[in-house]
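Student: Sending over a structure as structure tokens; questions will come in a sec.
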Amino acid sequence: MLRLAVPVNAAALKVAALSLAVLCGARLMLGPLAAAAPATGLRIESPMVRETLPGQTTGSAYLVIHNESDVARRLLGAATPAAREIQIHDMSLRDGIMRMRQVTDGVAIPARGKVAFVAGGLHLMLVGLQAPLSAGSDVPLTLRFDRGGELTIPIRIVSIDDTTSQPKK
Amino acid sequence: MIRLLVLIFTALLGACSAPAPFNASEVPKLDYGHGVELRDTEGKVHRIEEFRGRVTLLFFGFTRCPDVCPTMLLRLKKVRDAVGPLASNVQVVLLSVDPERDTPDILRAYVKHFDPSFIALRPEPERLEQTLKAFRAIAIRVPTADGSDYTVDHSATIFVYDRTGALRLIAQPQLEIDKLAADVARLVRE
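Chains as they are written, first to last, in my numbering: chain A, 1 to 169; chain B, 170 to 359.
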């Protein structure tokens, strides 16, 4: 702290003052925005969930998350009143074996990038459905991101035969 | 020297007229799964070789797999549709790798949704291991992250049996529908 008392040259002082002003200004500008819309810059494309077949107690949801900001974000989890919980799953085909794994540490959405949740890849698995999912109606989906970001969107339940609505990788 | 060239040329011509390879991997008439008794959802006992007369597309899956297995059934439905009038000679079979949770009722509703001609075969849970061994297939139970449930990693290839009941082709799940349909149509016509 004593170091603050050490005299600094005028130019450095000017730069410091300017930086502080910019920072404060930025903070003032971002502050209210960040509070109102912490998911700013995140855009969801083609959200859909597959209808369930008789006897199925789990469902699969697909979408593309675009991050139009300069800051990398992370999808931490998701929820819907239609199911007990939503797990993030990743399917992979390796050495002739189909594997499904739960992703527990979230999914990075790169700055100015996107991540697609698609059939046969990353997807949201709705576990413990409250009722069968019938094609044609919507269910709300809440996506939870880092830094307190949250987005709630309606997702359309589509027929299992409808492959055209599904997002592609 | 000229005679040798003529011989080589003739051999090359011969190679050109040989039948084109299948799109899926052709295997030399294997008997994978033969002799294994499996019940369908109506309780009727089948052996895979008894589907002879038809070309049979067999794949391994389970109903709690909401992502890949419906996609596969949908693809096989499209393969069957793509062969047009030959479709009645094509049998799609799902072999459950999760018979404990896949009860006959659940399996029936599941496969019939895609096509009423589809059949699901269900090994008795205590005979699953033995069944998979006979088909040289793999199914591994994997607990979910929170340990409260499990999923099943399983063989993803499609077995194509010809009309004599022999395993003839092994197809990767991502093989294009029209290519697999062309193979199936060719086997039906044999």
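All residues carry an ideal CB built from backbone N, CA and C; glycine is no exception. Bear in mind that the values here come from a model prediction, so they are computed numbers and not experimental data.
1. Determine the closest residue to valine 251 of chain B out of B:Val353, B:Glu359, B:Phe287, with distance taken between C-alpha atoms.
2. What first and last residue would you give for the beta strand (DSSP E) that runs through lysine 198 of chain B?
3. Whole beta strand (DSSP E) runs in the segment 79-105 of chain A with 3 or more residues, listed along the chain?
4. Is the CB of valine 311 of chain B under 9 Å away from at least one CB in chain A?
5. Could you list the residues in the segment 313-331 of chain B with a C-beta less than 7 Å from some C-beta on chain A, going in chain order?
6. When the Cα atoms are used, what is the spatial distance from proline 188 of chain B to arginine 233 of chain B?
7. Can you tell me whether DSSP reads phenylalanine 229 of chain B as helix, strand or coil?
8. Let me make sure I understand the geometry here. Which of B:Leu255, B:Glu293, B:Leu242, B:Ser286 has the alpha-carbon closest to that of threonine 326 of chain B?
9. Tell me, please, whether the segment 75-85 of chain A touches the segment 287-300 of chain B by the rule of three or more beta-carbon pairs shorter than 8 Å.
10. Could you spell out where the alpha helix (DSSP H) holding glutamate 298 of chain B opens and where it closes?
11. Does the CB of methionine 48 of chain A have a neighbour CB from chain B at under 9 Å?
12. Going by C-alpha distance, which of A:Arg101, A:Ala131, A:Ile97, A:Leu126 is nearest isoleucine 86 of chain A?
13. Closer than 8 Å by beta-carbon distance: list the chain A residues that pair up with leucine 243 of chain B, in chain order.
14. When burial is assigned at 16 or more other CB atoms within 10 Å of the CB, is glutamine 56 of chain A buried or exposed?
15. Would you verify that the beta carbon of glutamine 260 of chain B is, or is not, closer than 9 Å to some beta carbon of chain A?
Tutor: According to the structure data:
1. Residue numbering aside, residue 251 of chain B sits at position 82 when the second sequence is read from its first letter. The sequence shown places alanine at residue 251 of chain B, not valine. It is B:Val353 whose Cα lies nearest to the Cα of alanine 251 of chain B.
2. Here residue 198 of chain B is taken as the residue at index 29 of the second sequence, counted from 1. Looking at the DSSP string, the run of the beta strand (DSSP E) that includes lysine 198 of chain B is 194-199.
3. 83-94, 97-103
4. Taking the first residue of the second sequence as position 1, residue 311 of chain B is located at position 142. Yes, its Cβ sits closer than 9 Å to a Cβ of chain A.
5. Thr313, Ala314, Thr320, Asp322, His323, Ser324, Ala325, Thr326
6. Position 19 of the second sequence holds residue 188 of chain B. Position 64 of the second sequence holds residue 233 of chain B. Spanning the two alpha carbons is a distance of roughly 41 Å.
7. In the second sequence, counting from the first residue as 1, residue 229 of chain B sits at position 60. In this structure, phenylalanine 229 of chain B counts as strand in the three-state DSSP scheme.
8. Looking up residue 326 of chain B in the second sequence gives position 157. The shortest C-alpha separation from threonine 326 of chain B is found at B:Leu242.
9. no
10. Locating residue 298 of chain B in the second sequence gives position 129, counting from the first residue. Per DSSP, glutamate 298 of chain B belongs to the alpha helix (DSSP H) from 297-303.
11. Sequence index remark: in the first sequence, residue 48 of chain A carries index 48 (1-based). False, the Cβ-Cβ gap to chain B never drops below 9 Å.
12. Position 86 of the first sequence holds residue 86 of chain A. It is A:Leu126 whose Cα lies nearest to the Cα of isoleucine 86 of chain A.
13. Translated into positions along the second sequence, residue 243 of chain B becomes position 74. Simply Ile160, Asp161, Thr163.
14. Position 56 of the first sequence holds residue 56 of chain A. Buried: at least 16 other Cβ atoms inside 10 Å.
15. Counted from its first residue, the second sequence places residue 260 of chain B at position 91. No, glutamine 260 of chain B does not count as interfacial toward chain A.
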